[in-house]
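Heads up, the thing below is written out as structure tokens.
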Amino acid sequence: MAHIIDGKSISAQLRQSVTEQVAVLRSQHEITPGLAVVLVGENPASQVYVKNKIIQTANAGMNSYCHRLSAEVSEEELLNLVEHLNADPSVNGILVQLPLPDQIDSDKVISMIDPNKDVDGFHVMNAGRLTVGLDGLVPCTPVGCIILLKSYLNDLTGCNAVIVGRSNIVGKPLAALLLREHCTVTIAHSRTRNLAQVCRQADILIAAVGRPEMVKGDWVKPGSTVIDVGINRIEGDGGKTRLVGDVDYQEASEVAGAITPVPGGVGPMTIACLLQNTLRAACLQNGIQVPHV
Ligand code: NDP
Numbered sequence: 160m161a162h163i164i165d166g167k168s169i170s171a172q173l174r175q176s177v178t179e180q181v182a183v184l185r186s187q188h189e190i191t192p193g194l195a196v197v198l199v200g201e202n203p204a205s206q207v208y209v210k211n212k213i214i215q216t217a218n219a220g221m222n223s224y225c226h227r228l229s230a231e232v233s234e235e236e237l238l239n240l241v242e243h244l245n246a247d248p249s250v251n252g253i254l255v256q257l258p259l260p261d262q263i264d265s266d267k268v269i270s271m272i273d274p275n276k277d278v279d280g281f282h283v284m285n286a287g288r289l290t291v292g293l294d295g296l297v298p299c300t301p302v303g304c305i306i307l308l309k310s311y312l313n314d315l316t317g318c319n320a321v322i323v324g325r326s327n328i329v330g331k332p333l334a335a336l337l338l339r340e341h342c343t344v345t346i347a348h349s350r351t352r353n354l355a356q357v358c359r360q361a362d363i364l365i366a367a368v369g370r371p372e373m374v375k376g377d378w379v380k381p382g383s384t385v386i387d388v389g390i391n392r393i394e395g396d397g398g399k400t401r402l403v404g405d406v407d408y409q410e411a412s413e414v415a416g417a418i419t420p421v422p423g424g425v426g427p428m429t430i431a432c433l434l435q436n437t438l439r440a441a442c443l444q445n446g447i448q449v450p451h452v
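Each residue of the sequence shown is one higher than the one before, counting from 160 in the numbering used here.
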């Protein structure tokens, strides 16, 4: 059976480390990092994510500002709010929870966020910096995946990494980070031919697809490391719903050398990395050296 990479405990360590650095920032520089979260509409999953982000931000000793807007809000109103947050010195990080309602162009909203406050790392400026290897704010979920991989493998140099999924928030930034770690990277997607065969070549297999339990045990190379980014709610026994990943955990854990569970794998890392990015943003905006956490 595969080693279970415990995202819960690894994220708890990261949050603890961020909390300690936030206390140092306050005592040495009288600065308390602030994160503004904007939630538009009533999407139930978004409400849960935002609630968790607010709680964890406060637990880390940071200021948390939540802006809840109705699902009918106009694009102009949302852009005005972002401009206001850009100008507010108490706000170091801005996160607009996606997805946004149809009347709003998400790309336009993201491009309005000050890149220095873009703690999601979605602004084209930060995406570009990541691609060319410059420092910037990097998307949280991919950073969380790298931390989990290194916790088990230590050095990723030379590994054959296959990512299934090419989104701007997971697949593409993760590919850039894995290249930085000297992996040989393949990004697969819905048009990839012989997907199972491609996956079987992977020393590191990452699923970020949004399809419940799609990656089967016979797609996994024996002894490889499997990171499951997917979060899918499906019908369970007795009419109750339960969360599963994009990997068939039962099957894959019998073949892989190590695997992340869902829940308790990548999910908790995303929030911990958001806190880390907020701390980073506060330091950069105040000309303070970013602490190593
Ligand atoms: P997107 O829907 O933006 O992208 C999905 C990707 O999967 C696309 O590139 C798509 O290919 C590819 N894909 C879809 N179907 C197939 C298929 N049958 N075979 C091969 N590739 C396929 O999703 P996200 O990247 O936003 O999210 C992916 C998953 O990760 C979701 O389950 C989401 O909930 C989860 N997630 C979890 C987070 C966490 O904190 N743990 C954070 C963010 C996301 P194509 O481009 O060709 O359409």
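The beta-carbon is built from N, C-alpha and C at its ideal position, and this holds for glycine as well. These figures come from a predicted structure and were not determined experimentally.
With distances taken between CA atoms, GLU201 lies nearest to GLU231 out of GLU231, LYS276 and SER223. The DSSP-derived three-state label of ALA320 is strand. Taking the Cα positions, ASN211 is about 16 angstroms away from GLY166. Bounds of the alpha helix (DSSP H) holding SER270 are 265-271. VAL379 has its CB no nearer than 7 angstroms to any heavy atom of ligand 1.
Beyond the five residues adjoining it in sequence on each side, GLU372 comes within less than 6 angstroms, by CB distance, of VAL403 and ASP407 in the same chain, given in chain order. The three-state reading of DSSP puts SER349 in coil, since its state is none of H, G, I, E or B. By the Cβ criterion, the stretch 256-276 is not in contact with the stretch 331-349, since fewer than three pairs of Cβ atoms, one from each stretch, lie closer than 8 angstroms.
DSSP places ALA367 outside any beta strand (DSSP E), giving it a letter other than H or E. Secondary structure at GLU189: coil, using DSSP grouped into helix, strand and coil. Measuring C-alpha to C-alpha distances from THR343 to each of ILE214, ILE363 and VAL449 identifies ILE363 as the nearest.
In this structure, VAL388 sits near CYS304, with a CB-CB distance shorter than 8 angstroms. Look at ASN313 here: in three-state DSSP terms it is coil, with no helix or strand label. Taken atom to atom, the span from the alpha-carbon of ASN275 to that of SER233 is near 25 angstroms. Its Cα nearest to that of ASP261, the residue SER229 stands out among GLY292, SER229 and LEU244. Inter-residue distance for PRO258 and SER168 is about 29 angstroms (C-alpha atoms, whole angstroms). Assignment of GLY382 by DSSP, reduced to helix, strand and coil, places it in the coil class. Annotation for CYS432: the continuous alpha helix (DSSP H) segment containing it runs 425-444. Within the chosen limit of 7 angstroms, ligand 1 does not reach the beta carbon of MET221 with any heavy atom. The alpha-carbon of THR178 is positioned some 27 angstroms away from that of HIS243. The C-beta distance from VAL278 to ALA440 rounds to 6 angstroms, short enough to meet the 8 angstroms contact threshold. Relative to ligand 1, ASN211 has its C-beta separated by 7 angstroms or more from all heavy atoms. Distance from the CA atom of ASP264 to the CA atom of VAL425, rounded to whole angstroms, is 28 angstroms. Within the stretch 189-231, the complete alpha helix (DSSP H) segments at least 4 residues long are 203-218, listed from N- to C-terminus. By a beta-carbon distance limit of 8 angstroms, THR290 contacts ALA335. Their separation comes to about 6 angstroms. The beta carbon of ALA219 sits closer than 7 angstroms to those of ARG174, VAL177, THR178, VAL181 and LEU434, all from its chain and outside the five residues before and after it, given in chain order. The closest heavy atom of ligand 1 lies 7 angstroms or more from the beta carbon of GLY193. Taking a contact as a CB-CB distance under 8 angstroms, the pair LEU333 and ILE365 counts as one, their CB atoms being some 6 angstroms apart.
Each of VAL196, GLN360 and PHE281 was checked against the Cα of VAL379, and the nearest Cα belongs to GLN360.
Distance between PRO381 and GLN409, taken at the CA atoms: about 14 angstroms.
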